[in-house]
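Beneath this line is the structure, given in structure tokens, with notes to follow.
Number of protein chains: 2
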Amino acid sequence: MSGNDARDRRAERNLASRREIVSAAWAAARAEGLAGLSMRDLGSRVGMRAQSIYVYYPSKHAIYDAMFSEANQEILDRISAVPVSGDPVELLRRYTHVYLRFCNEDAVRYQLLYQRNILGFEPSAESYALASSGLEMIRRCLRACGVTSSRAFDVWTAMISGLAAQQMANEPGGKRWLRLADELTDMYIARYAPAHSKEKK
Amino acid sequence: MSGNDARDRRAERNLASRREIVSAAWAAARAEGLAGLSMRDLGSRVGMRAQSIYVYYPSKHAIYDAMFSEANQEILDRISAVPVSGDPVELLRRYTHVYLRFCNEDAVRYQLLYQRNILGFEPSAESYALASSGLEMIRRCLRACGVTSSRAFDVWTAMISGLAAQQMANEPGGKRWLRLADELTDMYIARYAPAHSKEKK
DNA sequence: GTCTATATTTGGATAGAC
DNA sequence: GTCTATCCAAATATAGAC
Chain B
94 MSGNDARDRR AERNLASRRE IVSAAWAAAR AEGLAGLSMR DLGSRVGMRA
144 QSIYVYYPSK HAIYDAMFSE ANQEILDRIS AVPVSGDPVE LLRRYTHVYL
194 RFCNEDAVRY QLLYQRNILG FEPSAESYAL ASSGLEMIRR CLRACGVTSS
244 RAFDVWTAMI SGLAAQQMAN EPGGKRWLRL ADELTDMYIA RYAPAHSKEK
294 K
Chain S
94 MSGNDARDRR AERNLASRRE IVSAAWAAAR AEGLAGLSMR DLGSRVGMRA
144 QSIYVYYPSK HAIYDAMFSE ANQEILDRIS AVPVSGDPVE LLRRYTHVYL
194 RFCNEDAVRY QLLYQRNILG FEPSAESYAL ASSGLEMIRR CLRACGVTSS
244 RAFDVWTAMI SGLAAQQMAN EPGGKRWLRL ADELTDMYIA RYAPAHSKEK
294 K
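If you read the protein sequences in the order shown, they are chains B and S.
The first sequence begins at 94 in the working numbering and counts up one residue at a time.
The second sequence begins at 94 in the working numbering and counts up one residue at a time.
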């Protein structure tokens with residue numbers, strides 16, 4: 094029926110516009126800074142007046158939230174796409190590599206996801222759930238390596254997020270710290286999962 | 094001479110006002126967020142009109158810079174005050190404790206010093222020098238522990254800044270990650286300075 | 001769904017009287 | 001050194017015509 098077709102087309106176009114807005118928001122944030130995102134600039138990037146954006150998103154915070162959610166979905170997808178075969182320690186290395194590469198690719202995305210400091214912005218509960226489920230995959234992998242205590246898990250997240258933090262703060266896009274990932278992993282495994290360590294005791 | 098006295102009193106009052114302004118700026122940043130610091134709010138906190146602040150600081154960035162510099166001086170002072178006696182590994186632990194406590198005390202200060210993300214603000218060269226000289230003390234201490242490679246030094250800073258980053262991001266003011274410092278240090282020393290390790294090989 | 005027009009607020013910064 | 005007055009620019013958001 095043509096009524097349904099028209100409705101579908103409308104919904105399709107609406108969705109496309111929403112996507113275009115978020116995509117332009119990323120570009121704007123990369124150019125002007127995350128906090129410098131403005132509706133006027135964003136509008137001009139999608140060929141609209143700023144006011145028209147409110148048809149698609151009710152507020153600027155809603156756009157931040159869409160960006161936050163999209164980025165969380167992206168890292169979750171990438172982690173999920175890692176083939177789960179063979180040695181769990183090898184899997185841990187692959188996860189780590191994927192995560193660090195993800196952080197290092199985009200400073201603005203890193204800031205939005207991991208340095209909560211946009212004025213009054215708090216991400217929605219669903220976005221949090223995405224982030225947690227990524228963490229859960231890491232936790233399972235560590236368990237497969239023989240690491241079970243939550244202390245040891247916190248040690249792991251501290252080490253890896255520390256690599257990312259130093260890299261982003263001091264040399265964004267570089268690899269001075271990122272290349273230390275395997276070294277840190279070896280040290281960690283030798284201490285917390287000696288059965289999987291390549292180093293003989 | 095009374096001319097000099099008057100000049101001194103003026104200089105003194107001027108300095109006191111400058112200090113009061115920076116102190117109020119910290120309070121404002123803690124209340125409104127670092128990026129939310131505004132001259133009007135700051136003025137009202139020191140009992141002035143916003144415009145009068147320009148007598149003491151030529152711009153808002155200059156105030157950020159004063160805050161940045163003050164904070165760097167503070168951590169440098171604290172690190173310098175640590176008594177340098179006995180085992181270098183013990184000294185390393187003390188340094189680490191001082192640093193982590195410093196980070197955890199004040200989220201806004203942490204953000205200003207270690208998460209460079211204020212709009213167009215870039216700290217002055219002198220402030221950078223302060224920060225570098227604190228890092229240099231850590232480097233010397235690690236050398237005394239027998240750690241010499243720059244790779245190993247980067248591993249150390251990644252680990253410790255990772256503890257701080259996780260603590261600040263997930264549980265500011267708490268100690269879920271901070272309490273892992275000694276555990277991380279043990280692991281690190283065992284790997285990079287086995288001669289100083291308590292664990293027998 | 002996009003526009004014009006506008007309300008409303010807020011920001012940093014300057015000029016000049018006192 | 002502080003004030004009043006003001007400039008100027010920019011922001012988010014709403015109302016209503018088309």
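In this text, a Cβ means the ideal position worked out from N, Cα and C, and glycines have one as well.
Between the C-alpha atoms of L256 of chain S and M252 of chain B there is a straight-line separation of about 7 angstroms. In this structure, L223 of chain S sits near S162 of chain S, with a CB-CB distance shorter than 8 angstroms. Counting along the chain, I172 of chain B sits inside the alpha helix (DSSP H) bounded by residues 153 to 174. Spatial neighbours of V177 of chain S in its own chain (CB-CB distance under 8 angstroms, excluding positions within 5 residues in sequence) are listed in chain order as L184. At least one beta carbon of chain B lies nearer than 8 angstroms to the beta carbon of T250 of chain S.
Membership of F195 of chain B in the alpha helix (DSSP H) is indicated by the continuous run 181 to 198. Think of a sphere of 9 angstroms around the beta carbon of M141 of chain B: no beta carbon from chain S falls inside it, the nearest being about 25 angstroms out.
Put simply, the backbone Cα of A124 of chain B is about 21 angstroms away from that of A258 of chain B. Within the segment 120 to 154 of chain S, those residues whose Cβ lies closer than 8 angstroms to any Cβ of chain B are, in chain order, G126, L127, A128, G129. Secondary structure note for S220 of chain S: its alpha helix (DSSP H) is the uninterrupted segment 218 to 237. A Cβ-Cβ separation of about 16 angstroms leaves I156 of chain B out of contact with A109 of chain B under the 8 angstroms criterion. No Cβ-Cβ contact shorter than 8 angstroms links V201 of chain B with I172 of chain B. Using a CB distance below 7 angstroms, the part of the segment 191 to 212 of chain S facing chain B consists of Q204, Y207, Q208, R209, N210, L212, ordered along the chain. Using beta-carbon distances, S217 of chain S does not count as an interface residue toward chain B, since no partner is under 8 angstroms. Using a CB distance cut-off of 8 angstroms, G255 of chain B counts as an interface residue toward chain S.
Between L169 of chain S and G227 of chain S, the beta carbon gap of about 5 angstroms places them in contact (Cβ cut-off 8 angstroms). In terms of beta-carbon proximity, R186 of chain S stays away from the interface with chain B, with every pair separated by 8 angstroms or more. In terms of Cα proximity to A164 of chain B, the closest of B:C234, B:A174, B:R103, B:Q204 is B:Q204.
Taking 8 angstroms as the cut-off, the beta carbon of L212 of chain S is found closer than this to the beta carbon of A128 of chain S. The alpha helix (DSSP H) runs lying completely inside the segment 241 to 269 of chain S and spanning 4 residues or more are 243 to 263, given in chain order. By the beta-carbon neighbour count (other beta carbons within 10 angstroms, threshold 16), D199 of chain B is buried.
For A283 of chain B, the enclosing alpha helix (DSSP H) has its first and last residue at 274 to 285.
E105 of chain S and A218 of chain S have their C-alpha atoms roughly 26 angstroms apart. By the rule that beta-carbons nearer than 8 angstroms mark a contact, R244 of chain B touches chain S.
Look at R112 of chain B here: in three-state DSSP terms it is helix.
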